[in-house]
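*Asks:* Quick one: structure below, then a few questions.
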């Protein structure tokens, strides 16, 4: 991938245009950040929210304390963590194994396998038949339904294959000569050489699982199995606002709950941004 | 994907293939471990993707969703209604509305987001300070990763007609809206649609720029230098060098996303409320409400039929886009 270059190398002179351009981008960044900043402020503000404050009027952590001490709130959080960790592992396992098989060019039936998988991107069973299958398998109201289904991600699998295709085939040949079994080659050569790909696709899976809402809405009725997104949704819709701790207002608790849903991501995002970007580039720009 | 091959090599390849065919059995044995590796996804895709495809046969019945112990074939025969569900569909105003909404909302969203992403990336590309550029990129990519539930939560509060609603507060302070007559944006279907597009722009414009920036970084700087020598202004260079260079990528992005227009669900679902439910329905939300929140006994046969119609249109779109993609860039999207 080419590194980003400044195209106008001939005129590095600061022009009025550059100042206007910078101002435009400051405004764009503010538009992006203001809604998020409002949530941050409101989650820390014990006074009733008003329009927009740039700083909490009455600072307090009571909103967050309500989230972490109320079992109806931290239980969904635990479900979210479990399914995100388990699902990401499962998704990565499935896609790396399959992608590894798909780069064995003289494997009999390779075209069939890849056609079989790609066809699911062309034609889908639809919401109701899929629901009926999940129900017939007695997987409704189990975490299996919400963990297994998003793990089958053909798009991510194709990205993984693209990463693997970048590994020089001479490495596979020499591994074979040295007596590596396919599974040894997979663990000793393919995976160590695809760390960036694993990070990038693993993160996509993790974000998908953490943000998973539709699958829960369809397959989970039991509120004991709700993940945090489901819980957050019902808090915002006002149907079951948890009792606020200390002097937190309802609004404080709501905003604190939103913050808890995005904080894990916010912490890792600045450090891992390049992997997120890498994923989309290898998928779309690859020729 | 196909590479052009020299005739002499092609002949050798033929010979090679012939010898390979003889050794298919040998190769199957050699690769036996690999079949085991691919087995899990084959089984999972069969269960969760292929069986539901066959499950679409319910579209031709009046199945009511209640579990039955009757053998499937017998059940299907007894409840078979032919194309009645499809006839009913096209004479139901709610379905026609949802169908139109799906196309209108996803295509408008696609065009708005693409135009915005192109403009933002053109100007982002002109930023000289590399650190400022990096920071701006980090910030504008961010909303893409927020879940739709979080996004809807944040904007429901920002757009609320109470004193906590940011937009109404600003409008009142500017004197555009009178205090006490704040607009309940998400409860009026025209405003709802407007904000649906705005929220989508907020969420995905930044992320959309990545692919365009990658293309822009590949443009040969010499072309710009030639432009300078010819005395081209900055905007002339943008118009006559940068934009044409982006054209191919724009077409690809449009084709790739056009294939997905029928899938609209979660973003609409989480922003809807009872006041605008019917007027803002898309096919997937329509199916959901008709099946799981129906006031009467749900007709799973009918909702499966709606889903099947949606899948067929989606399938046609994917195939058309695949064909277009092959024309434009020599390889398909699938």
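Chains as they are written, first to last, in our numbering: chain A, 26 to 312; chain B, 183 to 516.
Using N, Cα and C, we set each Cβ at its ideal position, and we do this for glycine too.
#1: Under 8 Å by Cβ, that's how I've got residue 185 (chain A) and residue 222 (chain A) pegged, so tell me the actual separation to the nearest angstrom.
#2: Step through the CB atoms of chain A and report whether any lies within less than 8 Å of the CB of residue 475 (chain B).
#3: Where do the ends of the alpha helix (DSSP H) carrying residue 287 (chain B) lie?
#4: Which residues, in order along the stretch 203-223 of chain A, keep a beta-carbon less than 9 Å from a beta-carbon of chain D?
#5: Any C-beta of chain B sitting closer than 8 Å to the C-beta of residue 302 (chain A)?
#6: Assess, as a yes-or-no matter, whether the stretch 355-367 of chain B is touched by the stretch 404-413 of chain B under the definition of 3 or more beta carbon pairs within less than 8 Å.
#7: Pull up the distance between the alpha-carbon of residue 280 (chain A) and that of residue 66 (chain A), whole angstroms please.
#8: With H, G and I counted as helix, E and B as strand and the rest as coil, what does DSSP make of residue 84 (chain A)?
#9: For residue 474 (chain B), which residues from the same chain have a beta carbon less than 8 Å from its beta carbon, with the 5 sequence-adjacent residues on both sides left out?
#10: Residue range of the alpha helix (DSSP H) that residue 426 (chain B) falls in?
#11: To test your reading of the DSSP string, which unbroken alpha helix (DSSP H) runs of 4 or more residues are found completely within the stretch 441-504 of chain B?
#12: Just the Cα atoms here: how many angstroms apart are residue 314 (chain B) and residue 51 (chain A)?
#13: For residue 99 (chain A), which residues of its own chain have a beta-carbon under 8 Å away from its beta-carbon, when the five flanking residues on both sides are left out?
#14: Chain A partners of residue 235 (chain B), CB-CB under 8 Å?
#15: How close, in whole Å, do the beta carbons of residue 464 (chain B) and residue 280 (chain B) come, if the pair is a contact with beta carbons under 8 Å?
#16: Which bits of chain B does residue 295 (chain A) rub up against, with CB to CB less than 9 Å?
#17: Using C-beta distances below 7 Å, list every residue in its chain close to residue 190 (chain B), excluding the 5 sequence neighbours before and after it, in chain order.
#18: Rounded to whole angstroms, what's the CA-CA distance from residue 305 (chain B) to residue 391 (chain B)? Just pull it up for me.
#19: Going by other Cβ atoms of all chains shown within 10 Å of its Cβ, with 16 needed for buried, is residue 152 (chain A) buried or exposed?
#20: Who are the neighbours of residue 493 (chain B) on chain A, taking C-beta pairs under 8 Å?
#21: Please give the ranges of any alpha helix (DSSP H) in the stretch 151-210 of chain A, keeping only runs that are unbroken, at least 4 residues long and fully inside the region.
#22: Below 8 Å between beta carbons: does that hold for residue 277 (chain A) and residue 68 (chain A)?
#23: Give me the chain A residues within the contact set of residue 501 (chain B), using Cβ-Cβ distance strictly less than 8 Å, ordered along the chain.
#24: DSSP three-state call for residue 277 (chain A): helix, strand or coil?
#25: Compare the C-beta of residue 43 (chain A) against all C-beta atoms of chain B and say whether one is closer than 8 Å.
#26: Measuring alpha carbon to alpha carbon, tell me which of B:492, B:310, B:268, B:196 ends up nearest residue 283 (chain B).
#27: Are residue 283 (chain A) and residue 64 (chain A) close, meaning C-beta to C-beta below 8 Å?
#28: Three-state secondary structure (DSSP) at residue 70 (chain A)?
#29: Answer yes or no: does any C-beta atom of chain B fall closer than 8 Å to that of residue 131 (chain A)?
#30: For residue 26 (chain A), does the three-state DSSP call read helix, strand or coil?
#31: Is the stretch 122-132 of chain A touching the stretch 436-448 of chain B, taking contact as three or more C-beta pairs under 8 Å?
#32: Give the straight-line distance between the Cα atoms of residue 261 (chain B) and residue 241 (chain A), rounded to the nearest whole angstrom.
#33: Give the secondary structure of residue 344 (chain B) by DSSP, where H, G and I count as helix, E and B as strand, and everything else as coil.
#34: Buried or exposed for residue 208 (chain B), going by 16 or more other Cβ atoms inside 10 Å?
#35: If we call anything under 8 Å between Cβ atoms a contact, is residue 452 (chain B) one with residue 377 (chain B)?
#36: I'd like to know if residue 292 (chain A) contacts chain B, where contact means its C-beta is closer than 8 Å to some C-beta of that chain.
*Replies:* On the basis of the supplied data:
#1: 6 Å
#2: No, its Cβ sits nowhere closer than 8 Å to a Cβ of chain A.
#3: 275-306
#4: Although the question refers to chain D, the structure presented lacks it and instead comprises the protein chains A and B.
#5: yes
#6: no
#7: Rounded to the nearest whole angstrom, the CA to CA distance from residue 280 (chain A) to residue 66 (chain A) is 9 Å.
#8: strand
#9: 480
#10: 425-440
#11: Complete alpha helix (DSSP H) runs here, min 4: 448-453, 465-474.
#12: 10 Å
#13: 92, 93
#14: 148, 149, 150, 154
#15: 6 Å
#16: 320
#17: When the five nearest sequence neighbours on each side are left out, no beta carbon in the same chain lies closer than 7 Å to the beta carbon of residue 190 (chain B).
#18: 11 Å
#19: buried
#20: 148, 149, 150, 151
#21: Every unbroken stretch of the alpha helix (DSSP H) spanning 4 or more residues and falling wholly within the stretch 151-210 of chain A is given here in chain order: 152-161, 168-176, 179-190, 194-202, 207-210.
#22: Between residue 277 (chain A) and residue 68 (chain A), the C-beta spacing is below 8 Å.
#23: 147
#24: In the three-state scheme derived from DSSP, where H, G and I count as helix and E and B as strand, residue 277 (chain A) is classed as helix.
#25: Chain B, which has a Cβ nearer than 8 Å to the Cβ of residue 43 (chain A), makes this yes.
#26: B:492
#27: yes
#28: If DSSP states are grouped into helix, strand and coil, residue 70 (chain A) belongs with the strands.
#29: Taking Cβ atoms only, chain B reaches closer than 8 Å to residue 131 (chain A), which makes this a yes.
#30: Caution applies to residue 26 (chain A), whose pLDDT of 41 falls short of 50 and renders its modelled position unreliable; the model cannot decide the point.
#31: no
#32: For residue 261 (chain B) and residue 241 (chain A), the distance between alpha carbons rounds to 30 Å.
#33: coil
#34: exposed
#35: Between residue 452 (chain B) and residue 377 (chain B), the C-beta spacing is not below 8 Å.
#36: no
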